[in-house]
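Reading through the structure tokens given below for one structure.
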Amino acid sequence: MLIADGWEAHEAGRSRGDLPLTVYLPAGARTVDGLLIAGIHGEEPETLLLARRLLERVDAADAAWAVLPAANPDGLLAGVRQNAAGVDLNRNFPSASWSPDDSYTYPPGTRERRRLHRTNRSSPGTGPGSEPETRALLALIERLNPGLILDLHSPLALIAPTPDADPLVVARLAEAAELPVHPEIGSPTPGALRDWAADRGLGAITYEVEHAPLPALCARHLPGLERLLQG
Numbered sequence: 544m545l546i547a548d549g550w551e552a553h554e555a556g557r558s559r560g561d562l563p564l565t566v567y568l569p570a571g572a573r574t575v576d577g578l579l580i581a582g583i584h585g586e587e588p589e590t591l592l593l594a595r596r597l598l599e600r601v602d603a604a605d606a607a608w609a610v611l612p613a614a615n616p617d618g619l620l621a622g623v624r625q626n627a628a629g630v631d632l633n634r635n636f637p638s639a640s641w642s643p644d645d646s647y648t649y650p651p652g653t654r655e656r657r658r659l660h661r662t663n664r665s666s667p668g669t670g671p672g673s674e675p676e677t678r679a680l681l682a683l684i685e686r687l688n689p690g691l692i693l694d695l696h697s698p699l700a701l702i703a704p705t706p707d708a709d710p711l712v713v714a715r716l717a718e719a720a721e722l723p724v725h726p727e728i729g730s731p732t733p734g735a736l737r738d739w740a741a742d743r744g745l746g747a748i749t750y751e752v753e754h755a756p757l758p759a760l761c762a763r764h765l766p767g768l769e770r771l772l773q774g
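Structural data, given as structure tokens:
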């Protein structure tokens with residue numbers, strides 16, 4: 544299936560709720576320079592919208608990246624962080640840091656780390672890589688062998704690269720969006736995609752946007768991300 548400007552849609556797998564995980568590649572491409580992932584946390588829909596804007600604005604003929612706009616379609620539809628099984632997918636990767644303990648993350652708009660009746664107390668899964676979305680992402684990365692993985696999140700407004708991420712790319716992204724670069728997110732993220740990539744010596748960037756209206760997010764972040772996709 545083709546969408547605007549030569550992007551070709553492929554099903555990379557199915558979610559726990561049996562929704563498709565759709566990845567977009569330049570038509571005919573079998574290898575790419577990078578993979579952009581968005582929407583792994585369903586409570587961060589702005590990342591999905593930014594990824595969709597990139598697909599609309601970047602001509603696939605000029606692109607060398609694959610884009611997966613909705614890594615957690617179940618959570619995005621429900622408006623919650625987790626997938627349909629209540630698992631935080633970004634705590635489910637088979638990294639050395641994976642932990643069987645529930646993860647606690649800040650609910651949007653609050654400062655308290657633990658709150659009664661919160662929806663953000665998440666399971667990391669029954670084991671590392673237990674979720675179909677996680678396994679689909681791992682298989683996709685194995686197949687595409689991207690030189691860099693960029694994982695879009697919100698709302699911390701920072702860039703956190705792995706040690707093997709290209710420092711020139713990191714610097715260009717940070718300069719374009721005026722974002723600080725931090726070696727760590729600032730709180731433990733056991734079983735995160737970033738940790739798994741670091742274990743394997745893969746270049747990966749956690750790119751956190753701020754909470755803001757979509758026009759402001761597009762104005763700040765799309766120019767640098769567009770240049771990245773165009774190589």
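Quick note, the numbering used here runs 543 ahead of the 1-based positions in the sequence shown. Positions of the beta carbon are idealized from the N, C-alpha and C atoms, including for glycine.
- Put simply, the backbone Cα of R573 is about 35 Å away from that of H754.
- For P675, same chain residues with a beta-carbon under 7 Å away, outside a window of 5 residues either side, are G556, R557, S558, R559 in chain order.
- For the pair V752 and A708, the Cα-to-Cα distance works out to about 19 Å.
- Of P733, P758, G767, the smallest CA-CA separation from S642 is found for P733.
- Between G729 and the set H584, G622, T749, P616, the nearest pair of CA atoms involves T749.
- Around the CB of N615, 16 or more other CB atoms lie within 10 Å, so the residue is classed as buried.
- In the structure shown, the three-state DSSP call for I684 is helix.
- Leaving aside the five residues that flank A762 on each side, none in its chain has a CB nearer than 7 Å to its CB.
- The Cβ atoms of S646 and P671 do not sit closer than 8 Å to each other.
- When only Cα atoms are considered, N635 and P689 end up about 21 Å apart.
- Inter-segment contact for the stretch 603-621 and the stretch 708-722 is absent: fewer than three beta-carbon pairs are separated by less than 8 Å.
- With a cutoff of 8 Å on beta-carbon distance, L765 and L597 are scored as near each other.
- Taking all protein chains in view, the Cβ of G571 is surrounded by fewer than 16 other Cβ atoms within 10 Å, so the residue is classified as exposed.
- Straight-line measurement puts the Cα of P731 at about 22 Å from the Cα of A628.
- For V575, same chain residues with a beta-carbon under 7 Å away, outside a window of 5 residues either side, are L568, A607, W608, A609, L687, P689 in chain order.
- With a cutoff of 8 Å on beta-carbon distance, E589 and R624 are scored as not near each other.
- The beta carbon of L562 sits closer than 8 Å to the beta carbons of P616, D617, L620 from its chain, once the five residues preceding and following it are set aside; these are given in chain order.
- In this structure, DSSP gives V713 a helical state, which the three-state scheme calls helix.
- Within the stretch 588-644, the runs of alpha helix (DSSP H) at least 4 residues long that lie entirely inside it are, in chain order, 588-600, 616-621.
- Taking the Cα positions, S697 is about 10 Å away from A581.
- Residue pairing from DSSP places W550 in a beta bridge opposite P569.
- Counting only the Cα atoms, T705 lies some 16 Å from P637.
- Counting only runs of 3+ residues, the beta strand (DSSP E) found wholly inside the stretch 689-769 occupies 691-696, 701-704, 747-751, in chain order.
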